[in-house]
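S.K.:
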Amino acid sequence: MKVGDCPSCRAPVEFSPGSARIKVCDYCRTVVARDGGNLEDLGKVSALADTESPLRVGLAGRYSGTPFIVRGRIQKSHAGSSWDEWYLEFDDGREAWLAESEGEWKVLFPLASPPKSLEVAGKRPLDTFMLRDTKFVVEEIGTAKTTSAQGELPEFNRVHEYVDATGPRGVFCTLDWAIDSTAGRADVFIGNLVTLAQLGFDPAELQATPRREALAQARCPDCNGPLDLKAPDSARRVACPYCNNLISVDRGQLRILMQLRKPPHEPTIPLGAVGRLREPGADEKSAPVAWTCLAFLVRSCTVEDVDYPWDEYLLWNREHGFRWLLCSNNHWTWLKPIAAGECSFDFREVKYGGEKFRGYQEVYATTDYVVGECYWEVNAGEVALASEYVAPPRSINVDSTAKEATVTLGTLLDAPVIEKAFSLKHSLGLASGIASAQVNTRAKQAADAWTWSLVWSGVLLALAMLFSMLGSTETYYSNTFSTPAGVLPATPDAQRFSEPFEVKESVPLAIDVRADQLINNWLGVSVDLVNETTGEVIEVYAEPNFYSGGSGDDAWSEGSRDVTRTTDVVDKGRYVLRATPQFEPTRAVDYTVTVRADDGMGALPFIFIVLLLVFPIGLSLSASGFETRKWNDAVFQSAPGVSTFPYAKDDDDD
Amino acid sequence: MKYFGGFLVLLYAGLHVFHLDRMPNEERGELPASVRSAPGGVLLWHDGFMGGK
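Protein chains in written order, with the working numbering: chain A, 5 to 658; chain B, -19 to 33.
#1: Evaluate P650 of chain A with the Cβ neighbour count: other Cβ atoms within 10 Å of its Cβ, from every protein chain shown; 16 or more gives buried, anything less gives exposed.
#2: Residues in the same chain with beta-carbon distance under 8 angstroms from K289 of chain A, minus the five sequence neighbours each way, listed in chain order, please.
#3: Have a look at the DSSP bridge pairing and note the partners of W87 of chain A.
#4: Assuming E174 of chain A contacts A343 of chain A (C-beta within less than 8 angstroms), just tell me the rounded distance between them.
#5: Give the straight-line distance between the Cα atoms of K355 of chain A and R265 of chain A, rounded to the nearest whole angstrom.
#6: Considering only the alpha carbon of each residue, which of A:V293, A:A208, A:S399 lies closest to A441 of chain A?
#7: Would you mind sorting T410 of chain A into buried or exposed? The rule is 16 or more other CB atoms within 10 Å of its CB.
#8: Check this for me: beta carbons of I613 of chain A and S472 of chain A, under 8 angstroms apart or not?
#9: Which residues in chain A sit within 7 angstroms of G(-14) of chain B, going by Cβ to Cβ distance?
#10: If Y545 of chain A and N524 of chain A are in contact, beta carbons under 8 angstroms, what's the gap, nearest whole angstrom?
#11: Leaving out the 5 sequence neighbours to the left and right, which residues in its chain are closer than 7 angstroms to N333 of chain A when beta-carbon positions are compared?
#12: Measure the C-alpha to C-alpha separation of V253 of chain A and C177 of chain A and round it to an integer number of angstroms.
#13: Starting from Q586 of chain A, trace the beta strand (DSSP E) in both directions and tell me its first and last residue.
#14: One question on the structure: do I78 of chain A and A153 of chain A come within less than 8 angstroms of each other, judged by their Cβ atoms?
#15: According to the Cβ coordinates, are V167 of chain A and V198 of chain A closer than 8 angstroms?
#16: Do three or more CB pairs link the stretch 294 to 302 of chain A to the stretch 370 to 378 of chain A at distances below 8 angstroms?
#17: Closest by CA to P284 of chain A, which one among A:E323, A:V421, A:E392?
#18: Could you give the residue range of the beta strand (DSSP E) that holds E104 of chain A?
#19: Which residues, in order along the stretch 618 to 637 of chain A, keep a beta-carbon less than 8 angstroms from a beta-carbon of chain B?
#20: Look up A451 of chain A in the DSSP assignment and say whether it is helix, strand or coil.
#21: Assign N1 of chain A to one of two classes, buried (16 or more other C-beta atoms within 10 Å of its C-beta) or exposed (fewer than that).
#22: Would you decide whether T90 of chain A is buried or exposed? Buried here means 16 or more other CB atoms lie within 10 Å of its CB.
#23: Closer than 7 angstroms: is that where the CB of D350 of chain A sits relative to any heavy atom of the ligand MN?
#24: Give a yes or no on whether 8 angstroms exceeds the smallest Cβ distance from T487 of chain A to chain B.
#25: Of the residues that make up the stretch 286 to 316 of chain A, which ones have a beta carbon closer than 7 angstroms to any beta carbon in chain B?
#26: Alpha carbon to alpha carbon, how far is R352 of chain A from D206 of chain A?
#27: Could you work out which residues of chain A lie near G(-6) of chain B, taking near to mean beta carbons separated by less than 9 angstroms?
#28: For a test of the three-state rule: what should DSSP assign to L0 of chain B, helix, strand or coil?
#29: From the DSSP output, read off the bridge partner residues of L389 of chain A.
#30: Which one of A:Y579, A:G22, A:D637 has the shortest CA to CA distance from L11 of chain B?
#31: Tell me, please, whether the CB atom of G9 of chain B is closer than 8 angstroms to any CB atom in chain A?
#32: Are P504 of chain A and E540 of chain A touching if we call contact CB-CB under 8 angstroms?
#33: Of all the CB atoms in chain A, is at least one closer than 8 angstroms to the CB of P4 of chain B?
#34: Just the chain B side, please: which residues come within less than 7 angstroms of A453 of chain A by C-beta, in chain order?
#35: Rounded to whole angstroms, what is the Cα-Cα separation between P512 of chain A and T477 of chain A?
#36: Among the residues of its own chain, which have a CB less than 8 angstroms from the CB of R362 of chain A, if the five just before and after it don't count?
Next comes the structure, spelled out in structure tokens:
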């Protein structure tokens, strides 16, 4: 449908039926805006850069069953990298944008009436906002330039600001507003990540990307060393492994950015190495995935003037995307990027997937060394705030700058898993110290031990009570003896004999000596039981004593007027008891001797219960020590070099 | 702990059944034959086993 002539070159300008208000002149690249019957010249745009996108204007596709046509295209740039956004018009009248970036595709539909309450200015990474009853978390803010355009567009802004945010279940949101907008209102787009296959393009219509493929064989512009790019579609930075130049990769062009320092040590996992590894949390029956090691970074933080470096490896798989392997003190952590919108951030706490992660550290991390290819604009020396929240063996890791936040889900891996996956010829060595997300195995062992300890203690106690109920405690003899005045201790005159009495069972005996009249005095009684039949003598010695003094609050006492001694099993039969008292001369007192069966539970169950408690108590102390040592290292930095240790405490505090 | 606790329970049961779960304080011996055969028997036994103190 012809509307008029280009205000600049007079070439015919045609608009398709639809909502497009902007048309880029096919001849002179003038941006023409229609306003009723008038055409306005909005200035020219640069020629399209060859981004080797497989799409082109005019292509037809189908999304969620609805056909659409690619009506236009804009090219944007931000921080030295460029991407394409394609304007789609659906048959049902809807319009959408298809954003192509880092090998990912997002379909975004404009929100017809964004809420007026939505503030767009002043947003920072990890800020949240509500939209359509969905909580979104800001991942990136920035300013993008529109460098070129083609075809028909709903609007045209040369410079605009944007906020990218994610929500739960893969929802993506972009707030977009012109930099010169006085209204402060943003266009709001909501959509999802998609694959090209989901967009229903005819594969025969998609354009080949020969130069991207050729990038795989690219060479360093400086030393001509082969860069051997593994993921040329998404590579943004390459560090030449031969001359250590950091190279920018933009639209297939290589440009040297800076000279990097050589890492202090060779990467443990060689660049280009392919490891076959099943991702933590993946179905055990699923096949291992081939991950290619693309890059090696050394990062560090400085706490209390001490540098703490760690290694990071960037892994890539064409179907699964990027992952990280982090090695700190030989503790290996698998990091999988997740949408920030999947997490709920609170003060030193994150909730993800129904699990609560506790804040462990927040440090300013510097990227010290880079080797290999990266999908983001990495630079040596760049600093990000690295936050870690733990729920062993998993962790949520957040890297944030003033403009961007990336969130990963970490899982601790055993070093042998890495060795085996990458067929490493050398051992990765033993881990030192305690990893932040290390599982406290002692705690689990202690919990198990407590369970079994309590179970068996209960069984033991029940058994002892059963024995006690079944056993005899019958009193066979009891009598009170007096010592005549003037009698010397331990003499035949002081000795007393009982009438014969019957011990009815072969049982252990308890012989109790009680002297209620003892006051600041003692009494020793040697009790001899004589079996009248066998002549066996069983002797015990008991010495009640009782002392007291003071008055009121200063009153004290010690000792006992009642002492019990036990015997082993004695034969049943008739016995005579001989009591031989010993005492301080002239201070003899009356005493009662009682002989009874002692076939009860005895003290052994309690000794065994103590034994049962020793192990879990030991494990609990060990588990507590583990946690203390781990959390003592937890550090939070409010600024580089400003550290606090909120959980630290002395071991003595336990 | 599962097995250790079970072992302790069995050990206690065994010791109790065989009356080995005591910590007796006694000394044992025999009444001298001269005392047993003497008139009055044990009631005239005034020496031996008067110890301890």
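Note that the Cβ used here is the ideal one computed from N, Cα and C, for glycine as well.
M.R.: In short:
#1: Exposed is the call here.
#2: For K289 of chain A, where only same-chain residues beyond five positions count, there are no Cβ hits under 8 angstroms.
#3: In the DSSP assignment, W87 of chain A forms a beta bridge with A:K80.
#4: The amino acid occupying residue 174 of chain A in the given sequence is Gly; Glu does not appear at that position. The distance from the Cβ of G174 of chain A to that of A343 of chain A is about 7 angstroms, consistent with a contact at the 8 angstroms cut-off.
#5: Using only the alpha carbons, I get a separation of about 39 angstroms.
#6: Closest by alpha carbon: A:S399.
#7: Answer is buried; the Cβ neighbour count reaches 16.
#8: Not a contact, by the Cβ cut-off of 8 angstroms.
#9: Near G(-14) of chain B (Cβ distances below 7 angstroms), the residues of chain A are W460.
#10: Contact annotation, Y545 of chain A with N524 of chain A: C-beta distance approximately 21 angstroms; criterion of less than 8 angstroms not satisfied.
#11: The beta carbon of N333 of chain A is closer than 7 angstroms to those of A435, S436, G437 in its chain, skipping five residues each way along the sequence.
#12: Cα to Cα, V253 of chain A sits roughly 27 angstroms from C177 of chain A.
#13: Start and end: 577 to 586.
#14: Yes. Within cutoff.
#15: No, Cβ-Cβ distance for V167 of chain A and V198 of chain A is not below 8 angstroms.
#16: In short, these stretches touch, since the Cβ pair count reaches three.
#17: Taking only the C-alpha atoms, the option nearest P284 of chain A is A:V421.
#18: For E104 of chain A, the uninterrupted beta strand (DSSP E) segment begins and ends at 99 to 105.
#19: Cβ contacts with chain B: F619, P620.
#20: Shown here, A451 of chain A sits in a helix according to DSSP, grouped into three states.
#21: Since the first and last residues shown for chain A are 5 and 658, residue 1 of chain A lies out of range.
#22: Residue identity differs from the one stated: residue 90 of chain A is Trp in this sequence, not Thr. The residue is buried, with at least 16 neighbouring Cβ atoms inside 10 Å.
#23: The ligand content of the structure shown is nil, which means the ligand MN is not present either.
#24: No, because no Cβ of chain B sits closer than 8 angstroms to the Cβ of T487 of chain A.
#25: With the criterion set as a beta carbon lying under 7 angstroms from some beta carbon of chain B, the stretch 286 to 316 of chain A has no members that meet it.
#26: Taking the CA atoms as reference points, R352 of chain A sits about 49 angstroms from D206 of chain A.
#27: Ordered by position in chain A, no residue passes the 9 angstroms Cβ test against G(-6) of chain B, which lies about 11 angstroms from the chain.
#28: Note: L0 of chain B maps to coil in three-state DSSP.
#29: Paired residues: A:Y368, A:S404.
#30: Closest by C-alpha distance to L11 of chain B, out of A:Y579, A:G22, A:D637, is A:Y579.
#31: So, interface residue.
#32: The Cβ atoms of P504 of chain A and E540 of chain A do not sit closer than 8 angstroms to each other.
#33: The beta-carbon of P4 of chain B is placed less than 8 angstroms from the nearest beta-carbon of chain A.
#34: For A453 of chain A, the neighbours in chain B by C-beta distance under 7 angstroms run, in chain order, M(-19).
#35: Distance between the alpha carbons of P512 of chain A and T477 of chain A is about 10 angstroms.
#36: Once the five neighbours on either side are set aside, the close Cβ partners of R362 of chain A are R352, E353, Y393, V394, A395.
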